[in-house]
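Start counting the sequence shown at 8; every next residue gets the next number (my numbering).
We put the CB at the ideal spot given by N, CA and C, even for glycine.
Quick caveat, the model's predicted, so the values are computed rather than measured.
Notes follow once the structure below has been shown.
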Amino acid sequence: MKWTDTQEIAMALTDAHQDIDPQYVRFTDLHRWVMELDGFDDDPQKSNEKILEAIQAAWIEDADY
């Protein structure tokens with residue numbers, strides 16, 4: 008996975024962090040959790056606020072909170 012794989016990352020985060028409400032996740036935690044996902048292989052420096060916002064929005068939608 009790469010930073011641009013927003014939907015795939017969101018689904019993986021839903022599976023990995025089922026007890027977390029994604030609305031309240033800090034971007035620093037989100038960045039770390041994405042980096043820790045199995046199959047994620049991208050440069051940590053390629054992330055930015057816009058990408059993290061898109062991932063968080065997709066995660067909220069996927070988690071159905």
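Could you have a look at T13 and say whether DSSP puts it in helix, strand or coil? Counting from one through the sequence shown, the residue named residue 13 turns up at place 6. Note: T13 maps to helix in three-state DSSP.
Cα-Cα separation, D12 to R33: Here residue 12 is taken as the residue at index 5 of the sequence shown, counted from 1. Here residue 33 is taken as the residue at index 26 of the sequence shown, counted from 1. Straight-line Cα distance between these residues: approximately 20 Å.
Taking the beta carbon of A23 as the centre, do at least 16 other beta carbons fall within 10 Å, making it buried, or is it exposed? Sequence index remark: in the sequence shown, residue 23 carries index 16 (1-based). By the 10 Å Cβ count, A23 comes out exposed.
Do the CB positions of M8 and L44 come within less than 8 Å of each other? Here residue 8 refers to the residue found at position 1 when the sequence shown is read from its first residue. Here residue 44 refers to the residue found at position 37 when the sequence shown is read from its first residue. The answer is yes: Cβ separation under 8 Å.
In whole angstroms, what separates the C-alpha of L37 from that of L59? Within the sequence shown, residue 37 is the residue found at index 30, counting from 1. Within the sequence shown, residue 59 is the residue found at index 52, counting from 1. Rounded to whole angstroms, L37 to L59 spans 7 Å at the Cα level.
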